[in-house]
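A quick write-up on the structure given underneath.
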Amino acid sequence: MISIEGLYKTYTGKEGNTEALKDVNLRIEKEDIFGIIGLSGAGKSTLIRCINRLEEPTKGSIIIEDKDIVKLNDNELRDMRRNIGMIFQHFNLLSRKNCKENIAFPLKIMKYEKREIEKRVDKLLEIVDLKDKKLAYPSQLSGGQKQRVAIARALATKPKILLCDEATSALDPNTTSSILKLLKSINETLGITIVMITHQMEVIKEVCNKVAVISDGSIIEQGNTYDVFSKPSHPITKSFIRDVSLNIDKDNVDDPENTKIVRITFLDHKAKEPLIYKIIKNFDIEANILAGQMNNIQGRTYGNLVVGLKGTDDKIKDAIRYLKEQSVIVEEMKYNGSSN
Amino acid sequence: MEVLIETIKRVMLLMPMPLYETLYMVFASTLFSVIFGMPLGIVTAISEEGHIWENKVLNKVLNVVINIARSFPFIILMIAVFPLTKIIVGKRIGTTAAIVPLTIAAIPFVARLIENAIKEISPGIIEAALSMGADVKQIVFRVLIPEALPSIASGITMTIINLVGYSAMAGAIGGGGLGNLAIRFGYQGFQKDVMIGTVIVLILMVQIIQGLGSRVYNKLLK
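Taken in sequence, the protein lines are chains A and B.
Going by our numbering, the first sequence opens with residue 97, and the numbers climb by one from there.
Going by our numbering, the second sequence opens with residue 479, and the numbers climb by one from there.
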């Protein structure tokens, strides 16, 4: 559906050039809800803006349905944009137009007929559940309602792709959740491919089937959300995704110098063996549970357990080897969160 | 007491014609200055770096022209444009003739007001319109102007009030109006009461214009 290849974006400024995007490669399939997560300044906003060319890429190609949109001229670009809806962190509604007129705006630009616009607006208000706010102005709406209007507006021209630029970052947790549900249902019922950038992990966890992690202008990891979250491979991803509550401080352990800490990740409830019991019994070591957490990613779960092992070096090694043979992921950890 | 009423009566009787002339000059020049100043202001705003119709050279030229036009003292401008006035109106002095310098003085002022009003619009709203595939023309007429309307309205109110002041100066060179009345009867004719009366009328006029302007602004604000 969307294939980004070798994408670069360089800003030329007075104090030298800044590379906002460096060799970005992404494949977004039809009907994905594709999340791009990164810290502020990582380049995610530039990346999503390149997809509808609100930012001009410096190099590379973005192929949407067999067309390289980087090569389009102004007219073709405008036509292409009408197939890509976009919503924003600050909603960007026209302040002097009511809901109905805001939603009708893209249709008027495309010169739809009046009767058709009326029909389409009513249908969209129904989709976003705002029928009673048809004549309300943005200043009379809550943040969540404004984002619903923005979603309706973005969907007005029946686009195949919806870009979400930090669409829930200005909303409270409950409203975020309801907007995400709406996006998910739009994805399922209308078959729209959604690309969203966010710095909120919860957003990715809740709705994205795929995720890419961006750091310093490069994609450092991408894949199914469940895989990336349960088995992060890049150190930055790990630090980003993992809960700090699973970081163990020296002060929290009795004899830190002689204790080895390991993180065990259980995938999809596959922990049928009583592992902790077995390592204590078979390897003659002490195993102390230091922290634990269950995570749910759209119905699939994984658990993290941080265990402190105390015993002779050989026995600890054997125990770890044993654990690694099981259907769990074992990582040896240092204090304060970094892994070996 | 009777003397006072007599005086008020006498002064009031002098007012209708000059008041009409002032209103005529002010509203005609407001109308023309908005017609010419508005496109100038819009083009200046959107040709700025990073805006929807970036054109650095044009932007620079427009800025220089507007600044030059704004630096003329009105009294000098009025005399300087005499030849142009003669071409447009057929004569150099008179109420209708005064509309030419008044308009020319107000155009750059209006242009700046409109430019600022346009530049105040959040870039996000423009970006949203771009993302929907709107072209420059559609953004100007469907986004920028409607969104800037409240600021434009308060800018025009300011322009009208400025023009009331300028029109009094036009009176000094035969433009008629309340300024003329105050100078000819009041100042040169030593009729203090006429001068005071004129000032009171001007104060009321400005109050009414500002009051109406504020109401329009609030109506436009949604």
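C-beta atoms are modelled at their ideal positions from N, C-alpha and C, and glycine is treated no differently.
For residue i, which residues does DSSP report across the bridge?
i	result
A:Val120	A:Leu103
A:Leu363	A:Tyr398
A:Asp406	Note that residue 406 of chain A is Lys in the sequence shown here, rather than Asp. Per DSSP, A:Thr355 and A:Glu382.
A:Gly388	A:Leu401
A:Asn320	A:Lys306
A:Asp218	DSSP output for A:Asp218 lists no bridge partner at all.
A:Ser157	A:Glu101
A:Phe130	A:Val291 and A:Lys306
A:Thr114	A:Tyr107
A:Ile393	A:Arg396
A:Glu428	A:Val358
A:Leu443	The structure shown does not extend to residue 443 of chain A, since chain A spans only 97 to 436, so no value can be given for it.
A:Lys163	A:Ile160
A:Ser311	A:Ser314
Does any residue of chain B have a CB that is nearer than 8 angstroms to the CB of residue i?
i	result
A:Ile257	no
A:Asn188	yes
A:Met292	no
A:Tyr107	no
A:Arg177	yes
A:Tyr233	yes
A:Phe130	no
A:Arg174	yes
A:Asn436	For A:Asn436, the predicted structure reports a pLDDT of 44, less than 50, and the residue's modelled location is therefore unreliable. A value from the coordinates is still provided. Cβ-Cβ to chain B under 8 angstroms: no for A:Asn436.
A:Met297	no
A:Met182	yes
Assuming residue i and residue j are in contact, meaning their beta carbons sit under 8 angstroms apart, how far apart are those beta carbons, in whole angstroms?
i	j	result
A:Gln243	A:Ala263	6 angstroms
B:Gly611	A:Arg396	So it is not a contact: roughly 38 angstroms between Cβ atoms.
A:Val358	A:Leu405	6 angstroms
A:Asn121	A:Ile315	7 angstroms
A:Ala308	A:Gln318	4 angstroms
A:Leu470	A:Val402	Because chain A here runs from 97 to 436, residue 470 of chain A falls outside it and cannot be looked at.
B:Ile628	B:Leu698	According to the sequence as given, residue 628 of chain B is Pro; it is not Ile. Yes, they are in contact, since the Cβ atoms of B:Pro628 and B:Leu698 sit about 4 angstroms apart, within 8 angstroms.
B:Ala607	B:Val618	Their Cβ separation, rounded to whole angstroms, is 10 angstroms, which puts B:Ala607 and B:Val618 out of contact at 8 angstroms.
Contact criterion: CB-CB distance below 8 angstroms. Does residue i meet it with respect to chain A?
i	result
B:Val559	no
B:Ile530	no
B:Ile487	Checking the sequence shown, residue 487 of chain B turns out to be Lys, not Ile. Judged by the 8 angstroms Cβ criterion, B:Lys487 is not in contact with chain A.
B:Lys697	no
B:Lys534	no
B:Lys538	no
B:Lys700	yes
Report the residue from the options whose alpha carbon sits nearest the alpha carbon of residue i.
i	options	result
A:Ser274	A:Thr294, A:Gly239, A:Lys256 and A:Asn305	A:Gly239
B:Gln685	B:Thr635, B:Thr485, B:Met556 and B:Thr581	B:Thr635
A:Met292	A:Glu284, A:Lys163, A:Thr272 and A:Cys260	A:Cys260
B:Ala506	B:Pro579, B:Pro494, B:Gly667 and B:Leu627	B:Pro579
A:Gln422	A:Val402, A:Met390 and A:Glu369	A:Glu369
A:Ile393	A:Val299, A:Asn384 and A:Glu382	A:Val299
B:Ala558	B:Thr574, B:Val679, B:Ile530 and B:Ile582	B:Ile582
Does the ligand PLP have a heavy atom nearer than 7 angstroms to the CB of residue i?
i	result
B:Met556	Judged by which ligands are present, the structure shown has none, so any question about the ligand PLP falls away.
Would you please verify whether the beta carbon of residue i is less than 8 angstroms from any beta carbon of chain E?
i	result
A:Arg244	No chain E is part of this structure, whose protein chains are labelled A and B.
Using a Cβ-Cβ cutoff of 9 angstroms, what residues of the segment 192 to 214 of chain A are near chain B? List them in chain order. Arg192, Lys193, Asn194, Phe201, Pro202, Lys204, Ile205 and Met206
At a Cβ cut of 8 angstroms, what residues of the segment 594 to 626 of chain B count as close to chain A, listed as they run along the chain? The residues in question are Ser600, Gly602, Ile603, Glu605, Ala606, Ala607, Leu608, Ser609, Met610, Gly611, Ala612, Asp613, Gln616, Arg620, Val621, Pro624 and Glu625.
Determine which residues of the segment 260 to 273 of chain A have a Cβ less than 7 angstroms from any Cβ of chain B, and write them out in chain order. none
Under 8 angstroms (Cβ pairs) to chain B, residues found in the segment 135 to 150 of chain A: Asn148 and Leu150
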